[in-house]
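The structure appears below as structure tokens.
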Amino acid sequence: MALPNDIFDQFMNACEQAKEPNSALKSALSFTREKGIK
Numbered sequence: 001m002a003l004p005n006d007i008f009d010q011f012m013n014a015c016e017q018a019k020e021p022n023s024a025l026k027s028a029l030s031f032t033r034e035k036g037i038k
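Per the UniProt record's numbering, residue 1 is the first one in the sequence shown, and the count goes up by one each step.
Listed below in structure tokens is the structure:
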């Protein structure tokens, strides 16, 4: 599977920009970090 180089940067940005604490986004971000996805 090929992903754009900045896809995870965009994802992390979306998590950080969310106005309300969004547990689903935070959980997904935590999962990607645990898997070593950079």
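Even for Gly, the Cβ is constructed at its ideal location relative to N, Cα and C. Just so you know, these numbers come straight off a predicted model, no measurement behind them.
Taken through DSSP and simplified to helix, strand or coil, D6 comes out as coil. Here DSSP, grouped into helix, strand and coil, assigns A18 to coil. Judged by DSSP secondary structure, K26 falls within the alpha helix (DSSP H) whose first and last residues are S23 to E34.
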